[in-house]
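Peer 1: Take this structure first; my questions come after.
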Amino acid sequence: VLEPGLVARRLTGPGGGDAVTVFGINDDGAYVGSANTATAVRAFAGSRSGEVRELVPLAGDNASMAYGINGLGQAVGFSSGANGERAVVWDAAGTPSALPALDGASGSRAHDISIRGDVAGVATVANGRRPVLWPSGQPPRALQLLPGDTTGEAVTVNARGEAVGYTADATGMVRDAAPWYSK
1015 VLEPGLVARR LTGPGGGDAV TVFGINDDGA YVGSANTATA VRAFAGSRSG
1065 EVRELVPLAG DNASMAYGIN GLGQAVGFSS GANGERAVVW DAAGTPSALP
1115 ALDGASGSRA HDISIRGDVA GVATVANGRR PVLWPSGQPP RALQLLPGDT
1165 TGEAVTVNAR GEAVGYTADA TGMVRDAAPW YSK
């Protein structure tokens, strides 16, 4: 039995791309995701009215994905190309900016952005993946792994700059939920 009130709509990606997936939505109904195009996967943003626009990758890159959007219309995800994956934030107009790299990281992805501009995500380092928080306007911070774990990701962040995600053993198969609270 279907519950009344929520109605599904079929979405298309920019340029009619296929394999369209939406990853994040804000309180105003704006959403972000990605779609395959003829040449690469590309990020997009859409609205309740049905408007969809591409979120272009960083200069020199050819692919992008978007995972989160806040109430100001800022979106986050990653841009990729010959230099690998780089965490990115798109402003409300859709202009991309690379987030600063975590020291020693070879790549990064941004998963969520709070209303105050804090970003949660992950960086790839020599021995695995590290959960990362990019506090608004500050350098990135690697978040603590639980004892015995060697990898993890921060998945979402709230308006207080507190993140949640997981840490895991070297195989990535044994995961522990991890909230990172402010002191």
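Quick note: the sequence shown, position 47, residue 1061 per the numbering used here, numbers continuous. Glycine included, every Cβ here is placed at the ideal spot set by N, Cα and C.
(1) Is the region 1082–1098 touching the region 1055–1068, taking contact as three or more C-beta pairs under 8 Å?
(2) Pick helix, strand or coil for PRO1193, following the three-state DSSP scheme.
(3) Taking the alpha-carbon positions, what's the SER1196 to ALA1107 distance?
(4) Would you call the region 1180–1196 and the region 1133–1152 touching, i.e. three or more CB-CB distances under 8 Å?
(5) Do you know offhand how far LEU1160's Cα is from ASP1117's?
(6) How would you write the range of the beta strand (DSSP E) that PRO1145 sits in, first residue to last?
(7) Grab the span of the beta strand (DSSP E) containing ALA1112 for me, first residue to last.
(8) If you draw a straight line from the C-alpha of GLU1068 to the C-alpha of MET1187, how long is it?
(9) Given a threshold of 16 other Cβ atoms within 10 Å of its Cβ, counted over all protein chains shown, does VAL1021 qualify as buried or as exposed?
Peer 2: Inspection of the coordinates gives the following:
(1) yes
(2) strand
(3) 31 Å
(4) yes
(5) 20 Å
(6) 1142–1148
(7) 1110–1112
(8) 35 Å
(9) exposed
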